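Notes to accompany the following structure.
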Amino acid sequence: MSTEAVTAPPVAPSGSRAVRPPLTVVIDGEDHPIAWSGPRDVDSPWSDSPWSSVHRIRSETLADAARKRKALRASIDDPGALVVALEVEVLVAPDASTARAAAARIGSDPDAATADVTIPDTTVRYIGTPYGLLTLVEDIYAADVADAVILTPIDGLATAALIADQVLPVLRSRRAS
1 MSTEAVTAPP VAPSGSRAVR PPLTVVIDGE DHPIAWSGPR DVDSPWSDSP WSSVHRIRSE
61 TLADAARKRK ALRASIDDPG ALVVALEVEV LVAPDASTAR AAAARIGSDP DAATADVTIP
121 DTTVRYIGTP YGLLTLVEDI YAADVADAVI LTPIDGLATA ALIADQVLPV LRSRRAS
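Numbering follows the UniProt record's numbering, with no gaps: position 92 of the sequence shown is 92.
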């Protein structure tokens, strides 16, 4: 993944921490992130980031996630230092019907190639197209549901590859502009 520099995170006019970090999206891997929407290496602008704490949440609905984010931010002295990251389980395909069929196969076939992958109902789930996922992610941020989104592919690398190829580049280009 590219680690090109992007604009430094915004700072509030008084020099205090910004109220909100820019949107970050991560594709979650088993042991480490597979890819993300911005630079994350030690020499990146994020190494001096004012957002010192990331709190990962799982919620069955977006409304519940928004309530959790609001409560977490209200419970600390410096809410500007907190990034609330919502986990979203995803399965994307070039078209929605293919994505739904793949999800049905995973949920019903114990001998499927992804049989070790389960689809629990413990957090928000998106099954559809990469464009629809992009829209959901941007809506999650715009509606103050979460400051970051952690995408957990339900079907492994097939979804991760589509996100890396079709969603993250759009987010990077929008972030840079």
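Cβ coordinates follow ideal geometry from the N, Cα and C atoms, glycine included. It should be emphasised that the depicted structure is a prediction, and the values quoted were computed from it without experimental measurement.
Under the three-state reduction of DSSP output, alanine 66 falls in the helix class. Under the three-pair Cβ rule at 8 Å, the segment 130–144 counts as touching the segment 81–93.
The residue from Val26, Pro130, Ala146, Gly80 with its alpha-carbon nearest to that of isoleucine 57 is Ala146. Beta-bridge annotation (DSSP): proline 153 is paired with Val90. For valine 170, the CB contacts under 8 Å within the same chain, skipping 5 residues up- and downstream, are Leu134 in chain order. The alpha-carbon of alanine 81 is positioned some 40 Å away from that of threonine 98. The straight-line gap separating the alpha-carbon atoms of isoleucine 127 and lysine 68 is approximately 23 Å. CA-CA distance, valine 92 to serine 53, rounds to 30 Å. For the pair aspartate 155 and alanine 102, the CB atoms are nearer than the 7 Å cut-off. The beta-bridge partner set that DSSP reports for leucine 82 consists of Ser53.
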